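Numbering (the working numbering), first residue to last: 162 to 1162.
In structure tokens:
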């Protein structure tokens, strides 16, 4: 095999000749993120190629064979065993080869390209009442090609088994570039008219048949013993009695024998009725003891997890993120299905009675609420990430995360396994597919030191011996990869290991396909990502990163590659990836490149790196990842820190001055708002926008006068003693002072009247543009003024400013005073949820609301989101645009980001606005100034405008009682004031009367 460095240029030249237009990336900014998957390993590739067709794959494999460069096929990059990283060319199928080619509902089959995401397939087949049976927890981003490579299973494998059982045919490109099809009866050339290919594939199949015939005994006795036996090659499917099923034999080969470009898969009907049982236990072993009994009820899923995962989920996303679990320290989810809901519910009740009689279950319940069921499954699906960074700050790692035994042996195996952990002074977080005998566990290995790596190696060897002694397998669905291939000799005889090697040699004689996997394995402790060079970048940061012992370096290491940020739906993270589909624009891709920056190998210029700057460029700083990411990556903070160092002592982009210093310039603008607004609406405004790096495709919001703010606050005075402090933030002061007045009136009406604090700033715009030294000075002044012995709650109308005070201020200043102030901060939603008088009754509200929640409020104020409050206040339908609005503060105003901003808006917000029926009464609510501004921009002249929640609840409407008294709250009666209307603010600089806010279409 030739040196990949010297061979790279000829490879690129050859591909340009044979596959013109093929996208080939060789720069460190592009290849760095592909050095990782979700495993412990780091293997930098020489190039990443993004094929669009099978012909592109043929060109790559032929060129790589000529130049001796290895090839690794990759889907979503969520492998936990190191199967999706390699030292040569990485083929990313997820970017372009992600088409569903055909769905045959009558035959219950689908033909898909390798890069199709499982959720996309299931969404398309759901229209026909069908689905794909195996459903890994990574279903929102894993690809069918990756599932085929690992022989993935999933939560409902008790019913549906492994991916291999659902494969009809595989479309392949062989190591020498020949295209072939593997099906349930053998292997054939893809083009029957290509005589050379036909002869070549026939010889290959004949060689395989001879190999199987020569090794029938070990294949029959060692393979296929338990349902989850994924380790090694599944050669038993080639036995004469199995019909020489080449398709199933190649499933689970981890890209080491051929490259899958497409597959024909079998589909199964979706269940007509289903019930979820949540069962509590004192211990995971007790839970495992009950599994054989549960299996007699023919469940679709039996999933287990321990208390550490639940505690971390609640700490990261709020106590309401996990509801519905019964008492216990370990839990089983049991799903039953059928054709009739009453019959399914009756079976569930019977099972509960039986388990209660057996005495191990501490408590159990049927989870009837769809919202509770979704929340509980979310906890289980995020298990790998949640277990990686626990609530106590501890880190854990894969490596032994996929062992499986027969379900009836699970409890005995777990007892011995926990003894093994204790004997090595290790702790493991347990979860997994208990109904299939498959246990996922992340262990607190020390992989950063030589002693720790040696200890991990010894443990893994003993664990392999243990699971083999229980008749089990090293891998139950993740594959062997780099983590376990070296251990296969413990599980299998030398004869079978030689048979595996001979099988691979038939398909890949030069060993170019995913080398080091299964056959001729790499050492399991080689290429570990935590084995860092001695001269890593010294990292001194302005942010304190209080939850990461190693500061910035430890914070960016939070990413373990599970890839939830690559999901197209669910949660808010990651808007830039959803808009572009590029790995570098995902939270994971950026984290991995920041890790490379700290290492200083691929990315050599540290904080000055243009590769890192470019990867961070499309980050909207929405902070959604800090909540949605299972390990709590906070890319907005990392970006701010990076920009601070990157531009230190240098000229910044123009928008950093024009938008970053907006609190100061807007305060000055308030003294001459009318003439300035007139100027900005004309040609001079467009010129100033271009000079400031601001897009001319948006209208610059009109500045409000200082008088407007004074008038708004004066009209809101209630005369009652203040119980709260209303922090008048820069955006509210400069652009919508009427919101300050409405907020003051709502607080008074809710029994928590306020005093106002004006003239201060949270520092947000300086943070988001990486001007952290200025931000600290601004924040220090604000904290000094607020931390004056007053312990009254601080209410902030603008969610982004509230989030900055709540999180950025204490993390940037790192003082007790800053933490005291942060502890007092509430959004309006939070204040009304936690502090409002028990007898408060809001004004009559519309039946339907279209809601855009600000990303910073979503991420920072967990459990205090407007949707929940509106529902509790009686709004019948809250149609929330789940996702970022796309404007994201300064981001969408910057000229180079306008198109991405609009692409993000197209994902969720614009469809909600376009779906508004002119004949149906609906209010549009957006508390964030940037969200409201984006809605105004999207709505154009349609008359749709967004209200702040305070304006929706403002009691100071004509015909309403004077706000602020208990009598007025108690005397309200239901009226039709807010029905048959739609929210529309007609003035951004005047306090709005109710007639301005609500207007008929």
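C-beta: ideal position from N, C-alpha, C; glycine also. Please read these numbers as outputs of a predicted model, since none were measured by experiment.
Coarse secondary structure for residue i, derived from DSSP in three states
| i | result |
| --- | --- |
| residue 558 | strand |
| residue 466 | strand |
| residue 1105 | coil |
| residue 889 | coil |
| residue 606 | coil |
| residue 771 | helix |
| residue 211 | strand |
| residue 368 | helix |
| residue 915 | strand |
| residue 628 | helix |
| residue 971 | helix |
| residue 743 | coil |
| residue 601 | strand |
| residue 1163 | The question about residue 1163 has no answer, for the chain in this structure spans 162 to 1162. |
| residue 979 | helix |
First and last residue of the uninterrupted beta strand (DSSP E) at residue i
| i | result |
| --- | --- |
| residue 528 | 524 to 528 |
| residue 988 | 986 to 988 |
| residue 424 | 420 to 427 |
| residue 135 | Residue numbering for the chain in the displayed model covers 162 to 1162; residue 135 lies beyond these limits and cannot be assessed. |
| residue 394 | Careful: residue 394 lies outside any beta strand (DSSP E) and carries neither H nor E. |
| residue 762 | Premise fails: residue 762 is in no beta strand (DSSP E) and is neither H nor E. |
| residue 1009 | 1009 to 1013 |
| residue 496 | 491 to 499 |
| residue 594 | 589 to 594 |
Cutoff 8 Å: residue i Cβ touching any chain D Cβ
| i | result |
| --- | --- |
| residue 482 | This model lacks chain D altogether; it includes just one protein chain. |
For residue j and residue i, believed in contact at Cβ under 8 Å, the rounded distance
| i | j | result |
| --- | --- | --- |
| residue 203 | residue 688 | 6 Å |
| residue 218 | residue 422 | 5 Å |
| residue 120 | residue 175 | In the structure as shown, the chain begins at 162 and stops at 1162. Residue 120 is therefore absent and cannot be evaluated. |
| residue 744 | residue 189 | About 14 Å; that fails the 8 Å criterion. |
| residue 1096 | residue 1107 | 4 Å |
| residue 1018 | residue 984 | Residue 1018 to residue 984, Cβ: 17 Å. No contact. |
Bounding residues of the alpha helix (DSSP H) (the contiguous stretch that carries residue i)
| i | result |
| --- | --- |
| residue 1095 | 1090 to 1100 |
| residue 229 | Counting along the chain, residue 229 falls outside any alpha helix (DSSP H), and DSSP gives it neither H nor E. |
| residue 1038 | That residue, residue 1038, is in no alpha helix (DSSP H); its beta strand (DSSP E) goes 1038 to 1041. |
| residue 328 | Where residue 328 is concerned, there is no enclosing alpha helix (DSSP H), although the beta strand (DSSP E) it sits in stretches over 328 to 334. |
| residue 574 | 571 to 584 |
| residue 274 | Counting along the chain, residue 274 falls outside any alpha helix (DSSP H), though it belongs to the beta strand (DSSP E) covering 270 to 274. |
| residue 309 | 305 to 311 |
| residue 1075 | 1070 to 1075 |
| residue 1166 | Since the displayed the chain opens at 162 and closes at 1162, residue 1166 lies outside it and no answer follows. |
C-alpha distance - residue i paired with residue j, whole-angstrom precision
| i | j | result |
| --- | --- | --- |
| residue 736 | residue 1043 | 11 Å |
| residue 267 | residue 254 | 28 Å |
| residue 387 | residue 586 | 30 Å |
| residue 949 | residue 878 | 23 Å |
| residue 550 | residue 1025 | 24 Å |
| residue 442 | residue 493 | 8 Å |
| residue 684 | residue 818 | 52 Å |
| residue 979 | residue 943 | 9 Å |
| residue 1069 | residue 732 | 11 Å |
| residue 566 | residue 395 | 17 Å |
| residue 269 | residue 728 | 26 Å |
| residue 988 | residue 711 | 31 Å |
| residue 582 | residue 206 | 34 Å |
| residue 952 | residue 597 | 54 Å |
| residue 885 | residue 969 | 22 Å |
| residue 640 | residue 776 | 31 Å |
Using 8 Å as the threshold, is the segment 656 to 668 in touch with the segment 374 to 381, meaning 3 or more CB pairs across them? Because the criterion of three Cβ pairs below 8 Å is met, the segment 656 to 668 and the segment 374 to 381 touch.
Report yes or no: do three or more beta-carbon pairs, one from the segment 526 to 535 and one from the segment 432 to 449, lie closer than 8 Å? Output reads yes: the segment 432 to 449 touches the segment 526 to 535.
Touch test, the segment 359 to 369 against the segment 454 to 463, Cβ-Cβ under 8 Å, three pairs minimum: Put simply, the segment 359 to 369 does not touch the segment 454 to 463. Fewer than three CB pairs are less than 8 Å apart.
Whether or not the segment 919 to 929 and the segment 851 to 868 are in contact is what I'm after, with contact meaning three or more pairs of Cβ atoms, one per stretch, closer than 8 Å; do they touch? No: the two stretches stay apart, fewer than three of their Cβ pairs being nearer than 8 Å.
With contact counted as at least three CB pairs below 8 Å, one residue from each stretch, are the segment 195 to 202 and the segment 212 to 225 in contact? The segment 195 to 202 vs the segment 212 to 225: no contact.
Could you tell me whether the segment 232 to 250 touches the segment 289 to 309, using the rule of 3 or more Cβ pairs below 8 Å? Enough Cβ pairs lie closer than 8 Å, so yes.
Hey, is the segment 665 to 684 in contact with the segment 327 to 343, meaning 3+ C-beta pairs nearer than 8 Å? Yes, since at least three Cβ pairs between the segment 665 to 684 and the segment 327 to 343 fall closer than 8 Å, the two stretches touch.
Using 8 Å as the Cβ pair cut-off and three pairs as the minimum, do the segment 626 to 634 and the segment 350 to 357 touch? The segment 626 to 634 is not in contact with the segment 350 to 357.
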